[in-house]
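Asker: For this note's numbering, count along the sequence shown from 1 and bump the result up by 34.
Sharing a structure here in structure tokens format.
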Amino acid sequence: MKAKCIENSMNNTNFTEGKEYEMNKEGLRSDCAGMWVHFKDFNKPTDYSTGSIFNFGMCKFQIIN
Numbered sequence: 035m036k037a038k039c040i041e042n043s044m045n046n047t048n049f050t051e052g053k054e055y056e057m058n059k060e061g062l063r064s065d066c067a068g069m070w071v072h073f074k075d076f077n078k079p080t081d082y083s084t085g086s087i088f089n090f091g092m093c094k095f096q097i098i099n
């Protein structure tokens, strides 16, 4: 599954606006040496269907597949 960063208003250097990231139900692969950043209970997406939008790491993402 993949997610696209659609907003990075806080300029988080782990993610780039407009870029697609590998994702699973545990986290996202970041720009920081390709390391996985894991979700916690409070920031885990509630819906993993295509088109769903969620906030993570001071960014907004949309699941694209």
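Positions of the beta carbon are idealized from the N, C-alpha and C atoms, including for glycine.
Here the structure is a predicted model, which means the values were calculated and not measured.
Please report the distance separating the alpha-carbon of F73 from that of G52.
Answerer: Using only the alpha carbons, I get a separation of about 20 Å.
Asker: Could you tell me the alpha carbon to alpha carbon distance between R63 and E56, rounded to whole angstroms?
Answerer: Looking at the two C-alpha atoms, the distance is approximately 6 Å.
Asker: Is the distance from the Cβ of F76 to the Cβ of I87 below 9 Å?
Answerer: Contact flag unset, no.
Asker: Per DSSP, what kind of secondary structure is K78 in: helix, strand or coil?
Answerer: Here K78 sits in coil by DSSP.
Asker: Would you report the Cα separation of M44 and C66, rounded to the nearest angstrom?
Answerer: Whole-angstrom Cα-Cα distance: 16 Å.
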